[in-house]
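Participant: Take a look at this one; I'll ask things after.
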Amino acid sequence: MERKGWPGTLAVAALLIGLSVGLPAADRSVPAFDVPLPAGTRVQVGPADGARRPVSVQVPDGWAVDVDDTSLSQSVALFNGSTSFQLSVILAEGATPTQLWHGLGRLELAGGVTAQQGQTVPITTEQGVPGLAGPVTFPDRTATVAVFAAPALGADVVVTGPPDEVTGPEIRTMLVSIRFDGAGR
Numbered sequence: 043m044e045r046k047g048w049p050g051t052l053a054v055a056a057l058l059i060g061l062s063v064g065l066p067a068a069d070r071s072v073p074a075f076d077v078p079l080p081a082g083t084r085v086q087v088g089p090a091d092g093a094r095r096p097v098s099v100q101v102p103d104g105w106a107v108d109v110d111d112t113s114l115s116q117s118v119a120l121f122n123g124s125t126s127f128q129l130s131v132i133l134a135e136g137a138t139p140t141q142l143w144h145g146l147g148r149l150e151l152a153g154g155v156t157a158q159q160g161q162t163v164p165i166t167t168e169q170g171v172p173g174l175a176g177p178v179t180f181p182d183r184t185a186t187v188a189v190f191a192a193p194a195l196g197a198d199v200v201v202t203g204p205p206d207e208v209t210g211p212e213i214r215t216m217l218v219s220i221r222f223d224g225a226g227r
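Here it is as structure tokens:
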């Protein structure tokens with residue numbers, strides 16, 4: 043066996059080792075990126091059924107998707123400035139908004155999260171899906187939280203940011219724009 047092929051083989055092996063170590067390190071060093079959304083975009087979330095996902099929300103001008111905090115099969119993280127809007131799909135067939143709200147409180151306790159749920163108010167999407175919304179106070183912030191109960195799925199939304207924004211008309215517009223496939227209107 044001749045040795046003239048060894049330097050080339052070693053060079054290729056060194057290159058592959060360098061790439062296997064260097065690429066993950068480079069990936070970690072690249073800052074997260076966000077995807078700006080045009081006003082009126084409908085963002086879909088939940089388990090995919092072909093090209094569609096079962097729950098969606100329409101975004102107004104100035105919002106973007108936080109790619110690092112989004113897993114479209116479960117939830118989408120949107121933000122505008124310092125205001126964050128996290129929409130998650132709940133697999134809770136036949137649940138009521140009250141059951142979802144109380145379940146959210148039990149999940150927070152089980153997860154070791156200290157949170158105080160405030161008084162809820164009814165909210166209904168443009169599609170007619172009922173829900174409840176209210177404040178939830180955490181040790182470091184207050185959020186507006188909403189839950190919706192469609193026949194086959196539920197959804198919860200956690201909105202954090204400046205108090206006047208998380209309870210403002212833009213957030214209400216986003217909440218009532220939430221749609222559930224197969225839920226009517």
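For the sequence shown, counting from 1, position 36 maps to 78 in our numbering; every step adds exactly one. The C-beta atom is built at its ideal place from N, Cα and C for all residues, glycine as well.
1. Figure out for me which residue from VAL131, SER124, ILE165 has the closest Cα to the Cα of GLU207.
2. Going by DSSP, which residues form a beta bridge with ALA188?
3. Could you tell me whether the Cβ atoms of LEU120 and VAL189 are closer together than 8 Å?
4. Between VAL85, GLN100, LEU174, which lies nearest to ALA191 when the distance is taken from Cα to Cα?
5. Would you give the residue range spanned by the beta strand (DSSP E) that ASP182 belongs to?
6. Tell me whether the beta-carbon of VAL171 lies closer than 8 Å to the beta-carbon of THR186.
7. Tell me which same chain residues have a C-beta within less than 8 Å of the C-beta of ARG94, skipping the five on either side of it?
8. Which residue from ILE132, GLY88, ASP108, GLN100 puts its Cα closest to that of LEU114?
9. The alpha helix (DSSP H) with ASP206 in it runs from where to where?
10. Nearest CA to the CA of GLY176: which residue from ASP198, VAL101, PRO78, THR112?
11. Could you have a look at LEU133 and say whether DSSP puts it in helix, strand or coil?
12. Between which residues of its own chain and ARG84 is the CB-CB distance below 6 Å, once the five residues before and five after are set aside?
13. Rounded to whole angstroms, what is the Cα-Cα separation between GLU168 and PHE127?
Facilitator: Let's see:
1. Within the sequence shown, the letter at position 165 stands for residue 207. Among VAL131, SER124, ILE165, the Cα nearest to that of GLU207 belongs to SER124.
2. Within the sequence shown, the letter at position 146 stands for residue 188. In the DSSP output, where bridge partners are listed per residue, ALA188 has ALA175, VAL199.
3. Counting from one through the sequence shown, the residue named residue 120 turns up at place 78. Counting from one through the sequence shown, the residue named residue 189 turns up at place 147. Against a cut-off of 8 Å, the Cβ pair of VAL189 and LEU120 comes out as no contact.
4. Within the sequence shown, residue 191 is the residue found at index 149, counting from 1. Selected option, being the one with the closest Cα: LEU174.
5. For the purposes of this step, residue 182 is identified with residue 140 of the sequence shown, where counting begins at 1. Unbroken run through ASP182: none, as it is neither H nor E.
6. As a position in the sequence shown, residue 171 is number 129, starting the count at 1. As a position in the sequence shown, residue 186 is number 144, starting the count at 1. Cβ atoms of VAL171 and THR186: not closer than 8 Å.
7. Translated into the one-based positions of the sequence shown, residue 94 becomes position 52. Closer than 8 Å at Cβ, skipping near neighbours: GLN86, ASP223.
8. Translated into positions along the sequence shown, residue 114 becomes position 72. Nearest option by C-alpha distance: GLY88.
9. As a first step, residue 206 must be located in the sequence shown, where it is residue number 164. Counting along the chain, the alpha helix (DSSP H) containing ASP206 begins and ends at 205-208.
10. What you label residue 176 is simply residue 134 of the sequence shown in a count that begins at 1. Closest option to GLY176, Cα to Cα, is ASP198.
11. What you label residue 133 is simply residue 91 of the sequence shown in a count that begins at 1. Residue state, collapsed to three classes: coil.
12. The residue you call residue 84 lines up with position 42 of the sequence shown. Excluding sequence neighbours, ARG84 sits near SER98, GLN100.
13. For this step, residue 168 is matched to residue 126 along the sequence shown. For this step, residue 127 is matched to residue 85 along the sequence shown. Taking the straight line joining both Cα atoms gives about 18 Å.
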